[in-house]
Amino acid sequence: MKKIFALFLIIIIVVLASISIGFKKNNLIEKIDKAALSIKEKNKPVPFFSPIGIEYLRSLEISSEKVKIDEELQDGSNYKRYIASYKSEGNIVYGLLTIPESDMPEGGYPVIIFNHGYIPPAQYQTTEGYVAYIDYLAKNGFIVFKIDFRGNGRSSGDASGSYFSSAYTIDIVSALKSLQKYEKVNPKRIGVWGHSMAGNAILRAMLVTDEIKAGVIWAGAVYSYEDFVKYRISDNSYVHRPYEVKVGEAQKNRETAPEIQKIRSNPELINFNSDFWNAISLTKNIKYLTSPVQINHSADDPVINIGYSRDLAKVLKDNSKDFEFYEYEGGGHNIISPYFEQAMERTVSFFKKTL
19 MKKIFALFLI IIIVVLASIS IGFKKNNLIE KIDKAALSIK EKNKPVPFFS PIGIEYLRSL
79 EISSEKVKID EELQDGSNYK RYIASYKSEG NIVYGLLTIP ESDMPEGGYP VIIFNHGYIP
139 PAQYQTTEGY VAYIDYLAKN GFIVFKIDFR GNGRSSGDAS GSYFSSAYTI DIVSALKSLQ
199 KYEKVNPKRI GVWGHSMAGN AILRAMLVTD EIKAGVIWAG AVYSYEDFVK YRISDNSYVH
259 RPYEVKVGEA QKNRETAPEI QKIRSNPELI NFNSDFWNAI SLTKNIKYLT SPVQINHSAD
319 DPVINIGYSR DLAKVLKDNS KDFEFYEYEG GGHNIISPYF EQAMERTVSF FKKTL
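Taking the working numbering, the leading residue of the sequence shown gets 19, the next gets one more, and so forth.
Written out as structure tokens, the structure reads:
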């Protein structure tokens, strides 16, 4: 009996020892796994920091409250018109909001966030400019929200332009977030339209978020900074020169690195294949584009060289992106009549197809 008890005791001791060793082994493996994960996280590539860098902007959590109706205006032909506002990085941004009077489709109306080109910020007014453009889109059943951009008109903040600042890009994404919370909007059917300076801003926004489902550019510019050196630009949208340093909240959005100052002073010294330029170039980050784009540009544009659009179209084609590109013999920077109607028809058709 004593032998049996001793044998039983030995078996229990062996079992407990095995369990203890197994627990320690598992605990050790768990610690090793955690350490390996920690090392992996530490070695994880950090986005190259630039306030206009694509990967940096993609890492941000951009949000906004629901768009607010501030004032009712005179109705359009078949749509309501309002002054509305939303918040972008703490700034109040105003805009012209149109809502169709037709029956709302299931899921809500499709939306176009309309982004204006350069107008002197102090002279800008929410209800003026682009009247025919807005009417054309609004009467075709879209909710249209023409945002003013921060620092323009009554909107608070600094009007910093688009080419060397992320402010307007963030305003676009914030508008998207605010509209997604509005009960009449289909949050999965939101596109963007941009003219001139805003062509740059909307393409950057489309690289930052795949929630923008389509984009139309009219006479846009600066998709790569090589093109900026090659073609230059004849507007004042970059009122704050890249080498001007301002203090305060607005400065966080503007790229003022010594490297970018060469754009004007010594472009021949720039290595456009460096990490810095690769981080901020739109065309070199075109892999992030997931939605279709339409480009419209007049060959006789005296403000922005059509070469910008031709070069962008080549990049889109080389990267097998979904796009349309239309050139017009005349029409100037605003693609006016007799080319305006054709360009607008193409714009409406594209949005109806993609949203």
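Glycine included, C-beta positions come from ideal geometry on N, C-alpha and C. Every value quoted in this text rests on a predicted model; they were computed, and no experiment measured them.
Among the options, nearest to residue i - alpha-carbon criterion
i	options	result
V247	Y181, H315, K371	Y181
L155	S184, I117, G169	I117
T144	S283, R168, V129, D318	R168
S309	F294, N303, T365, L225	L225
E286	D319, P320, Y142, Y243	Y243
G233	R99, Y97, E90, R364	R364
N218	N204, G238, V203, S178	G238
K164	K371, S367, L115	L115
P123	K98, R99, F160	F160
Cα-Cα separation, residue i to residue j
i	j	result
I70	F341	24 Å
V257	K206	Confidence is the limiting factor: at V257 the pLDDT is only 45, short of 50, which leaves the residue's position unreliable and the question unanswerable from this model.
K332	F343	10 Å
K231	E277	34 Å
H381	V240	Shown here, the chain extends from 19 to 373; a query on residue 381 therefore has no answer.
A140	N158	32 Å
S299	D121	42 Å
E83	N284	43 Å
Q279	K302	20 Å
N314	Y346	8 Å
S214	E201	31 Å
Y142	S106	19 Å
V149	S292	43 Å
I281	Y249	12 Å
M362	L91	24 Å
Y127	P356	30 Å
S327	L221	12 Å
S178	N96	35 Å
F294	L307	20 Å
V366	F290	37 Å
A185	N170	12 Å
T372	D318	29 Å
G108	N323	35 Å
A275	N204	40 Å
K52	L334	Unreliable positioning characterises K52 in this predicted model, as indicated by a pLDDT of 46, which lies under 50. The coordinate reading is nonetheless provided below. Approximately 42 Å, taken between the alpha carbons.
G325	V311	17 Å
A216	Q360	21 Å
S316	K98	32 Å
Integer-rounded CB distance, given that residue j should sit under 8 Å from residue i
i	j	result
S375	D93	Absent from the model: residue 375. The displayed extent of the chain is 19 to 373, so no value can be given.
L197	T227	Actually they are not in contact, since the Cβ atoms of L197 and T227 sit about 13 Å apart, beyond 8 Å.
F358	G209	Contact doesn't hold; Cβ gap of about 20 Å is too wide.
I152	W236	With 8 Å as the limit, I152 and W236 do not qualify as a contact, their Cβ atoms being about 13 Å apart.
A297	E119	A297 to E119, Cβ: 46 Å. No contact.
I190	A223	4 Å
W211	I130	5 Å
I304	K339	7 Å
S68	E273	5 Å
Distance CB(residue i)-CB(residue j) smaller than 8 Å
i	j	result
S192	I101	no
F132	V162	yes
D245	D336	no
I110	S183	no
I137	G147	yes
D166	G113	yes
P320	G350	yes
L78	T187	no
heavy atom of the ligand MG below 7 Å from residue i C-beta
i	result
M362	Looking for the ligand MG in the displayed structure turns up nothing, as the structure carries no ligands at all.
CB contact below 8 Å: residue i versus chain B
i	result
R272	Considering every chain present, this structure includes no chain B. It has just one protein chain.
Review point. Along the chain, which unbroken stretches of the beta strand (DSSP E) at least 3 residues long are found entirely within the stretch 185-257?
Key: The beta strand (DSSP E) runs of length 3 or more contained entirely in the stretch 185-257 are, from start to end of the chain, 203-213, 233-236.
Check your understanding: Which parts of the stretch 282-324 are runs of the alpha helix (DSSP H), unbroken and 4 residues or longer, counting only runs that do not cross its ends?
Key -> 293-298
Practice item. Would you mind listing the alpha helix (DSSP H) stretches within the stretch 137-169 that are 4+ residues and don't spill past its ends, in chain order? Key: The stretch 137-169 contains these whole alpha helix (DSSP H) runs: 149-156.
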